[in-house]
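Reading through the structure tokens given below for one structure.
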Amino acid sequence: MTTNLSAIDCPAPFLNSLQFGDGGYLDGRLCMSEAGISCCLPCPLTAWVYPDNFDSLGKAADWIAVASSVCCVFLLLSWLVLPIDKTHRHYLSICLTFAVVFMNLGFVIPLAGNPDQCYDPITPNDMRTSSVCAASGTFIVVGGWAGVLWIFLRSLSLHLQICWQVVVGRNFMWFSHAVGWGLPALGIILALTLSGVSFRFGATCHINHKNSLADLWIPLLVFAGLTIIIQFATFGYCIKVYLASLADNNATTENSAGLPSYTNSIRTMTPRQAYRRVRRVIQLQWRGIAIVLIIIADVVFFAIIFVFQDNTIETVKDNPATAMPWIRCLLASGGDKNACLDEAGSLVVNMATIGAVLVLLAMNGIWLLILLGRWSMVTGWIELFKPSKAKREFVSVDARLDDMKMNTDPRSYEMLSRDSGKNVMMDSMVTPDTVREGQIYPPIRSYLASTASPPIGSPAQSPDQSGRRTPDYFGPTARYQAPVRSFSSPKPPTREGKGSQASWDATTTYASPGREYSRSPPPRGQYQQSPSQSPPPMGQI
1 MTTNLSAIDC PAPFLNSLQF GDGGYLDGRL CMSEAGISCC LPCPLTAWVY PDNFDSLGKA
61 ADWIAVASSV CCVFLLLSWL VLPIDKTHRH YLSICLTFAV VFMNLGFVIP LAGNPDQCYD
121 PITPNDMRTS SVCAASGTFI VVGGWAGVLW IFLRSLSLHL QICWQVVVGR NFMWFSHAVG
181 WGLPALGIIL ALTLSGVSFR FGATCHINHK NSLADLWIPL LVFAGLTIII QFATFGYCIK
241 VYLASLADNN ATTENSAGLP SYTNSIRTMT PRQAYRRVRR VIQLQWRGIA IVLIIIADVV
301 FFAIIFVFQD NTIETVKDNP ATAMPWIRCL LASGGDKNAC LDEAGSLVVN MATIGAVLVL
361 LAMNGIWLLI LLGRWSMVTG WIELFKPSKA KREFVSVDAR LDDMKMNTDP RSYEMLSRDS
421 GKNVMMDSMV TPDTVREGQI YPPIRSYLAS TASPPIGSPA QSPDQSGRRT PDYFGPTARY
481 QAPVRSFSSP KPPTREGKGS QASWDATTTY ASPGREYSRS PPPRGQYQQS PSQSPPPMGQ
541 I
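For the sequence shown, position 303 matches number 303 in the UniProt record's numbering, and the numbering has no gaps at all.
Below, the structure is given as structure tokens:
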């Protein structure tokens, strides 16, 4: 006599696995074998170990991810459309924003698709049975990989600039793109091939337990650890430089007493100079430093919590005796999960921690907007869509008053003389021709006479050549006239008039060579005139 094991019902709330097929993610079942019968807990597992509002918590995290994605899209569009002086875009910021967008899509896609988490009453769906699961799990893994790597590259760039004075250029940019996108592509291939993704908790698919430590969690935590080490090494260097600058109070005084030193090299830079350089870099990069700390903390927190949750569930599968108090409670209560939540609390991570992980992971885009966004982006968008007023050409007040007169030619501006009287007034404000340093020798005098412009009132100038006449810009090019009056250097005080500069004869004051000094110098303020000069009249000195 044979017994049909599939017809045997398991005690509530458990179900006989023989009553269902082999589809879905079979390793996601939570079953206990007894007398050849495998009794499994209904799917999804989170519905039995968490309160009823757990799904609401997951929905809230998904909507936060939607807002985070909107923030990231705003940043990307601003960097794409607006000029660089409005956004201060950089490839490290742009690529990090793309990584956060990928991570957010892992939460947004399940919210839009509303997938069924279970393939059958006891088996969860995986990437082979649900396209939404495959898409959300892929974006979660790619976003996690890319986020950690671009945070690592940003921290490395900051460390090289502050601690080693290395100017990161094009080579570092190509290296960053190769690492920041190449390793995530390799990581997602390994993760999907060796592990796969399925509905583990919530509506978002996560990587399965099989080989997940080797192909995802350990590499991610290695790069996260390197990022933390580099970041704290940079902080340690900044603290060291700051303390050294406090002890370098006499550096400026000691340097000013000796010869000038070359301070552009890091070997000859004083601690105070190094502190000023480091402080300047930190003032420019503090947003990037904050982003590094926030995202790396979120990723590490998520990795630790998920690995702990995964290991706990696997322990229950491998050793059902650890969950016997909770199983007995379910059997005794007839499947009332609310009566057994206290016993289930020791088997899973509490709901507050799970909610904090999901919310913090979904908020990364909001942090990016707060720290990488600028108010100039908003003003830039306003200027882009708001019809701008016509740019008015600058004209001084005097010129505008002249334009309002009916008999005024609009081509006359204040830089052009309106009449000869103004020219005379302007010419009276410059240094006269007779005020020159020393005598003008005949060759120079003839050259100046040949290049000098005719006087204002000379007959050579026609009456219509005033400031109101438009200059002939298209006529023959005039030869450059060397200026005869210059204000480029100060001139010694001279006497006005046609005579030469006043001078005194040194032989009348000092003794001749070989002759004994027999005279006393003249009183101060007196001088000897040259024989060809006569004393100037009063009022001309």
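Yeah, the Cβ is synthetic: ideal placement off N, Cα and C, and Gly gets one too.
Which value, in whole angstroms, describes the spacing of the CA atoms of residue 223 and residue 344? In the sequence shown, counting from the first residue as 1, residue 223 sits at position 223. In the sequence shown, counting from the first residue as 1, residue 344 sits at position 344. If I take the Cα positions, the gap works out to 34 Å.
For the alpha helix (DSSP H) containing residue 91, name the first residue and the last one. If you number the sequence shown from 1, residue 91 lands on position 91. Unbroken alpha helix (DSSP H) run through residue 91: 91-113.
By DSSP, does residue 18 sit in helix, in strand, or in coil? Sequence index remark: in the sequence shown, residue 18 carries index 18 (1-based). DSSP places residue 18 in helix when its eight states are reduced to three.
To the nearest angstrom, how far is it from the Cα of residue 375 to the Cα of residue 98? What you label residue 375 is simply residue 375 of the sequence shown in a count that begins at 1. What you label residue 98 is simply residue 98 of the sequence shown in a count that begins at 1. Using only the alpha carbons, I get a separation of about 21 Å.
Among 139, 34, 282, 14, which has the Cα closest to the Cα of residue 207? Walking along the sequence shown from the start, residue 207 turns up at place 207. Nearest C-alpha to residue 207: 139.
In the DSSP assignment, the alpha helix (DSSP H) including residue 351 goes from what residue to what residue? To locate residue 351, count along the sequence shown from 1; it is residue 351. Unbroken alpha helix (DSSP H) run through residue 351: 351-362.
What do you get for residue 79, buried or exposed, if any count of 16 or more other CB atoms within 10 angstroms of its CB means buried? Numbered from 1 along the sequence shown, position 79 holds the residue referred to as residue 79. Its Cβ being crowded by 16 or more others within 10 Å, residue 79 is buried.
For the beta strand (DSSP E) containing residue 119, name the first residue and the last one. Within the sequence shown, residue 119 is the residue found at index 119, counting from 1. That run of the beta strand (DSSP E) goes 118-120.
On the CB-based measure, 16 or more other CB atoms within 10 Å of its CB, does residue 273 come out buried or exposed? The residue you call residue 273 lines up with position 273 of the sequence shown. So residue 273 ends up on the buried side.
Helix, strand or coil, according to DSSP, for residue 204 in the structure here? Looking up residue 204 in the sequence shown gives position 204. Here residue 204 sits in coil by DSSP.
Member of 201, 57, 153, 228 whose CA lies at the smallest distance from the CA of residue 125: For the purposes of this step, residue 125 is taken as residue 125 along the sequence shown, with counting starting at 1. Ranking 201, 57, 153, 228 by Cα distance to residue 125 puts 201 first.
Integer Cβ distance of residue 129 from residue 23, believed to fall under 8 Å: As a first step, residue 129 is located in the sequence shown; it is residue number 129 there, counting from the start. As a first step, residue 23 is located in the sequence shown; it is residue number 23 there, counting from the start. So it is a contact: roughly 6 Å between Cβ atoms.
Three-pair Cβ contact test at 8 Å for the stretch 356-370 versus the stretch 60-69: yes
Rounded to whole angstroms, what's the CA-CA distance from residue 359 to residue 61? Just pull it up for me. As a working mapping, residue 359 is identified with position 359 in the sequence shown. As a working mapping, residue 61 is identified with position 61 in the sequence shown. Their Cα atoms are separated by approximately 5 Å.
Determine the direct distance from the alpha carbon of residue 106 to that of residue 348, and round the result to whole angstroms. Along the sequence shown, one-based indexing puts residue 348 at 348. Along the sequence shown, one-based indexing puts residue 106 at 106. Distance between the alpha carbons of residue 348 and residue 106 is about 23 Å.
Extent of the continuous alpha helix (DSSP H) to which residue 553 belongs: Residue 553 is absent from the structure shown; the chain starts at 1 and stops at 541.
Whose CA, out of 178, 163, 162, 157, lies closest to the CA of residue 169? Translated into positions along the sequence shown, residue 169 becomes position 169. Residue 157 is the option with its Cα nearest to residue 169.
Give the single residue among 362, 190, 161 whose Cα lies nearest to the Cα of residue 233. The count along the sequence shown starts at 1 and reaches residue 233 at position 233. If we check each option's Cα against that of residue 233, 161 comes out closest.
Cβ-based neighbour list, residue 306, same chain, cut-off 7 Å, excluding 5 preceding and 5 following: In the sequence shown, residue 306 corresponds to position 306, counting from 1. Around residue 306: 206.
Between residue 302 and residue 361, which are expected to be in contact by the criterion C-beta below 8 Å, what is the C-beta distance as a whole number of angstroms? Locating residue 302 in the sequence shown gives position 302, counting from the first residue. Locating residue 361 in the sequence shown gives position 361, counting from the first residue. About 5 Å separates the two Cβ atoms, so the contact holds.
Which of the three DSSP states is assigned to residue 270 in this structure? On the sequence shown, residue 270 is found 270 positions in, with the first residue counted as 1. Reduced to three states, the DSSP call for residue 270 is coil.
Going by C-alpha distance, which of 74, 353, 241 is nearest residue 271? Within the sequence shown, the letter at position 271 stands for residue 271. When each option's Cα is compared against that of residue 271, the closest is 241.
Any heavy atom of the ligand NAP inside 7 Å of the beta-carbon of residue 107? With respect to small molecules bound, the structure shown includes none, and the ligand NAP cannot be examined in it.
Would you kindly work out how many angstroms separate the C-alpha atoms of residue 88 and residue 25, rounded to a whole number? Looking up residue 88 in the sequence shown gives position 88. Looking up residue 25 in the sequence shown gives position 25. One C-alpha to the other measures close to 47 Å.
Identity of the residue in 323, 226, 313 nearest residue 293 by Cα: Position 293 of the sequence shown, counted from the first residue, corresponds to residue 293. Residue 293 has its Cα closest to that of 226, out of 323, 226, 313.
Could you please give me the residues that DSSP links to residue 184 through a beta bridge? As a first step, residue 184 must be located in the sequence shown, where it is residue number 184. Residue 184 pairs with nothing; no bridge assigned.
Out of 28, 13, 19, point me to the one whose CA is closest to residue 210's CA. On the sequence shown, position 210 is the one that residue 210 refers to. Per the Cα distances, 28.
Using only the alpha-carbon positions, how far apart do residue 315 and residue 151 sit? Residue numbering aside, residue 315 sits at position 315 when the sequence shown is read from its first letter. Residue numbering aside, residue 151 sits at position 151 when the sequence shown is read from its first letter. Using only the alpha carbons, I get a separation of about 34 Å.
Leaving out the 5 sequence neighbours to the left and right, which residues in its chain are closer than 7 Å to residue 191 when beta-carbon positions are compared? As a position in the sequence shown, residue 191 is number 191, starting the count at 1. 141, 207, 215, 216.
Please go through the same chain and pick out, in chain order, the residues whose beta-carbon is closer than 6 Å to the beta-carbon of residue 96, but skip the five residues on each side of it. By 1-based counting over the sequence shown, the position of residue 96 is 96. Closer than 6 Å at the Cβ level, and outside the excluded window around residue 96, lie 150.
Just reading off the alpha helix (DSSP H) that residue 127 is part of, what are its end residues? Locating residue 127 in the sequence shown gives position 127, where the first residue counts as 1. Here residue 127 belongs to no alpha helix (DSSP H), and DSSP marks it neither H nor E.
Segment limits, beta strand (DSSP E) that includes residue 340: Translated into the one-based positions of the sequence shown, residue 340 becomes position 340. Taken as a continuous stretch (DSSP letters only), residue 340 belongs to no beta strand (DSSP E), as it is neither H nor E.
Output the distance between the C-alpha atoms of residue 111 and residue 167, rounded to the nearest integer angstrom. The sequence position of residue 111 within the sequence shown is 111, counting from 1. The sequence position of residue 167 within the sequence shown is 167, counting from 1. Their backbone Cα atoms lie some 44 Å apart in a straight line.
From 283, 19, 45, 73, residue whose alpha carbon lies closest to that of residue 310: Counting from one through the sequence shown, the residue named residue 310 turns up at place 310. Ranking 283, 19, 45, 73 by Cα distance to residue 310 puts 45 first.
Going straight from the alpha carbon of residue 329 to that of residue 42, what length do you get? Locating residue 329 in the sequence shown gives position 329, where the first residue counts as 1. Locating residue 42 in the sequence shown gives position 42, where the first residue counts as 1. Distance between the alpha carbons of residue 329 and residue 42: 16 Å.
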